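One structure is given here, and the rest of the page talks about it.
Chains as they are written, first to last, in our numbering: chain A, 186 to 561; chain B, 1119 to 1276; chain C, 36 to 416; chain D, 75 to 281.
Structure, rendered in structure tokens:
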């Protein structure tokens, strides 16, 4: 299992295809086409395409999951009639938005108006390439993958602000300002909470962090960091109670008020990609990634692709918690949000860093491995 | 509070400008006054008699003249009172009550645009319900409603 | 950001209807507001002048579309005073029942809209769900969900169907625990208090200066409820308390409306019991057939005036769900009212917008306007 | 490696790029060798709309294709986003249609507040002359393809207020209407039925 990785699969695929083509071609062409460099290059492309397909598919399923879950929280059914249980609903939405005319307001700045959503979408997609999903599904050894992921994650306010400002709408502008202020305020506690994880795990590599959770998942010892990280993620993902930039009640649709058609679809997809990445990060850093506790029967962990399956189950449950929060909490106000961010979250995150350092120093971490419900 | 009490309280202040106080079902009474007395009456009613709350201002077009009525209530007396004045149709204007009761502001704007009664010294007399620049006063009796078909036929000829 | 004007409306999620709030802001602070009304001005007062007394009822349902029966009641009282007609007792009880159910329905609609304004998503659905149960009751005896045309000059159109009272009791039993759930969802959340406490404060003196009535006035601690202070219909015969709260803020208005719903349930239990025990006529004897006809006669011939009614002016004021509504009906002896003038509580409550909005944040506008409970239909008429 | 002779390869003929000719204008002598069009393309602000136009044209062409058109048709009819606004009484029934009992989201109908993201305008109530031009503006802000449903008697023909001085007797005087729903107000079922009929219309549409 462990040596079958996503890259090896795509390499084998590209190798087989190119060799098959080479076998029918005449001599000089066939040597050229079975060149090792070309095979590697094609393999990387296949790898990227697989990642893209997986991320898109997951995002669309995630939207479906949110709609169904939200429907149930609200005593209704959600999308039902398009495809089985409404599974095709989001594909219909996507195709429809693809066909719609993109209206560019006359006073809008075309450069920012078009590049903003695109860059937002692209940076959110890059994230998916960095994160490991299972022992096989990762992009190789990235020693600083956690830092890279968070760095790319924090590009978003820039692009949101650019697109909001260039669409020349007062509501968009206010939404963009709020978004920038909010994301910058919550970057700091988010990073500090991650520092606590890094102290305990001793590595910036996400795969290593997951394997460090062999004995105990980090949500036990790092409960404070988890709370800070979770709240910070809520703010970064702009979901209720922190969805001020898109607060429907006062700013019509927030920073995407002027966007329709495919650009709006970009925003929508990127939002949910970021939501997916947020849930994945929670699973990776605190919930043991693709591993399961040892008391789980081996039959449940040994089937093919078990890692990916369990990882996705965990991710969707974490996202379900986000949806649950969305269904049951009101929205806060900008000043309150920033006050909570600077006055409460940063001290809490510093506390979590201190606790992590303390746990490592006094070497009491193995205690958590003895609790059966936590241990692996 | 009975109509007689009201007359007793108001007559010394207003004198001849008070036309009379009539009984009115469900209210303390109906005070009829000349428009010169408007401001004095409003102040007296609000400050001396305690009718602190202006509920509505309305206008009626009686073809030969127009009537403006004010409904006020008092918390202490737990009573309504209606004040009304008759204005000539060709020169319909009366002092604004919005200096005494701020709540009169919108009601007077509405009465102005509906019944064409001008309120002097109103802070903000502009259209409220009908669009800006609307020249008709719909609640006048001379303003007739017609079926949309007629309207279309007419516009086609124009 | 420098100062700028933004238009919140006429198409804006905050407005819950068709009006425009022009807001001058500096950053996120509100400096000045200017409500712009009239987008739903349908000339109801003018149309009424061309209509028969009973035909005006049709317009009353549409005047305030969330509290149609309350507005019917308002108009009917004024028209009966103008025409000197006395309804039978059972009809009065039926009207009270209508009004109280309508109050619950209207407040549930308000709740659904208000929670959306502060960002709570699911209670909107809960409010609509429970409102539908009340509308089902209306439907069972008036035949319509929102536009009922149930009351008539001199009584009501028809009596209750068999089994109605049991169904009504079931709905009331269902509603009481739901109110508790609503409170848990709102008052149980710290964020709700952070958003709504000390927000949109309108003190009692300001309320009276600007003619603000209803739950907004009661939330400022003024115990004025027309059902108690000047009992119309037969409200003096039922037992209930006036909901009052202190604070004059959004939370206080929430508390007042919630308590009003509970009190309405309390009134309804008494009214339903009375209706069970006292069958009788629902239309006054003195009313000619054409006036109280259960179904509108076909053609204009049906409306021939059989009897001149004495001239008179009818004035009525009731405690509508939004506040104190008044009607002023002038009868000049014809078959149409000469002039109908309505006082809409929302009209007065909105005219004070500058007082309770200036100085707060842009994000505070939706909760404050939500707590005012805007029904544009009755405001613009 | 032999050395090349001067006569071995004939010199390639110089490629002449003719400047774009505009009707009614003489081709100017002594123009720079870089064509005018390329300078224009370098200006990004001009380039992006041009590229967008080309892309839109491409998509439109694809939309006409027999294979793709049914997919887009299916997508368009199954995800109708109505404009989230309330005019009058019908707006309450419109809201009830999105409530728990009727749940219009089952059919993929999700109200959006921004007209840019809508394909369907449900005119739910009385349209007055004061709001008429705002309604037209909103309609024009919606991107193509778009549809209009006149919900209720007021939007269909003025309803009980058709004689009033301030009411538009039917929204079809202002914008093209696809589906009329009768009722005053129509029940939520009727609203859903109207939406489903619109879906049927889209399905049967011949482009």
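C-beta atoms are modelled at their ideal positions from N, C-alpha and C, and glycine is treated no differently. None of the values given here were measured: they were computed from a predicted structure.
Query	Result
Whose Cβ in chain C lies nearer than 8 Å to the Cβ of residue 514 of chain A?	154, 155, 224 and 226
With a threshold of 8 Å between beta-carbons, can residue 1171 of chain B be considered close to chain C, or not?	yes
Between residue 333 of chain C and chain D, is any beta-carbon pair separated by less than 8 Å?	Confidence in residue 333 of chain C is poor, its pLDDT being 34 and thus under 50, which makes the residue's placement too unreliable to answer from.
Would residue 153 of chain C and residue 516 of chain A be called neighbours here (beta carbons separated by less than 8 Å)?	yes
So does the region 334-352 of chain A actually touch the region 205-217 of chain A, counting three or more Cβ pairs closer than 8 Å?	no
Select from the region 203-234 of chain D all residues with a C-beta closer than 9 Å to any C-beta belonging to chain B, and list them in chain order.	203, 204, 231 and 232
Counting contacts by CB-CB distance shorter than 8 Å, is residue 192 of chain D in contact with chain C?	no
Pair every Cβ in the region 248-263 of chain A with every Cβ in the region 169-181 of chain D, then say whether three or more of these pairs are closer than 8 Å.	yes
Could you check the C-alpha separation between residue 1059 of chain B and residue 416 of chain C for me, to the nearest Å?	A query on residue 1059 of chain B cannot be resolved here, the shown segment of chain B reaching from 1119 to 1276 and no further.
Can you find at least 3 beta carbon pairs, one from the region 433-449 of chain A and one from the region 482-495 of chain A, that sit closer than 8 Å?	no
Does any CB atom of chain D fall closer than 8 Å to the CB of residue 177 of chain C?	no
Whose CA, out of B:1261, B:1165, B:1190 and B:1205, lies closest to the CA of residue 1235 of chain B?	B:1205
List, in chain order, every chain D residue whose beta-carbon is nearer than 7 Å to that of residue 262 of chain A.	177 and 180
Measure how close the beta-carbons of residue 427 of chain A and residue 436 of chain A come, nearest whole angstrom, since I'm counting them as under 8 Å.	Not really, about 14 Å apart at Cβ, beyond 8 Å.
Is it right to say residue 1120 of chain B is buried, meaning 16 or more other beta carbons lie within 10 angstroms of its own, or is it exposed?	exposed
Listing by chain order, which chain B residues have their CB less than 7 Å from the CB of residue 200 of chain D?	Chain B residues near residue 200 of chain D: none, gap ~13 Å exceeds 7 Å.
Measuring only the C-alpha atoms, how far is residue 395 of chain C from residue 295 of chain A?	35 Å
Just to confirm my understanding: we take residue 232 of chain C, look at its own chain, exclude 5 residues before and 5 after, and list those with CB closer than 7 Å. What are they?	284 and 286
Cβ atoms of residue 251 of chain D and residue 206 of chain D: under 8 Å apart, would you say?	no
Give every residue of the same chain whose Cβ lies closer than 6 Å to the Cβ of residue 99 of chain C, excluding the five residues on either side of it in the sequence, and list them in chain order.	106, 410, 412 and 413
When you compare the CB of residue 397 of chain A with every CB in chain C, is at least one pair closer than 8 Å?	no
If you drop the 5 nearest sequence neighbours on each side, which residues of the same chain put their C-beta closer than 7 Å to that of residue 199 of chain A?	224, 227, 228 and 231
Taking the continuous alpha helix (DSSP H) assigned at residue 114 of chain C, which residues delimit it?	103-118
Nearest to residue 374 of chain C by alpha carbon, out of C:357, C:360 and C:348?	C:348
Check for me: the alpha helix (DSSP H) holding residue 304 of chain C runs from which residue to which?	285-312
Helix, strand or coil for residue 255 of chain D per DSSP?	strand
Within a Cβ cutoff of 8 Å, which residues of the same chain sit near residue 245 of chain D, ignoring the five residues on either side of it in sequence?	197, 201, 209, 222, 224, 229, 230 and 251
How is residue 142 of chain C classed by DSSP in three states: helix, strand or coil?	helix
Under a Cβ-count criterion, where at least 16 other Cβ atoms within 10 Å of its own Cβ denotes burial, should residue 496 of chain A be classed as buried or exposed?	buried
Where does residue 539 of chain A land, buried or exposed, given buried means 16+ other C-beta within 10 angstroms?	exposed
What does residue 63 of chain C reach in chain A if we use C-beta pairs closer than 7 Å?	519
Return the chain-ordered list of same chain residues with a C-beta closer than 6 Å to the C-beta of residue 1160 of chain B, the five sequence neighbours on each side being excluded.	1215 and 1218
For chain D, is any of its Cβ atoms less than 8 Å away from the one on residue 430 of chain A?	no
Using DSSP with H/G/I as helix, E/B as strand and the rest coil, what is residue 1262 of chain B?	coil
Here's the rule: buried if 16 or more other CB atoms are within 10 angstroms of the residue's CB, otherwise exposed. What is residue 248 of chain A?	buried
For residue 109 of chain D and residue 147 of chain D, I'd like the C-alpha separation in whole angstroms.	Note that residue 109 of chain D scores a pLDDT of 45, beneath 50, so its modelled location is shaky and nothing firm can be said.
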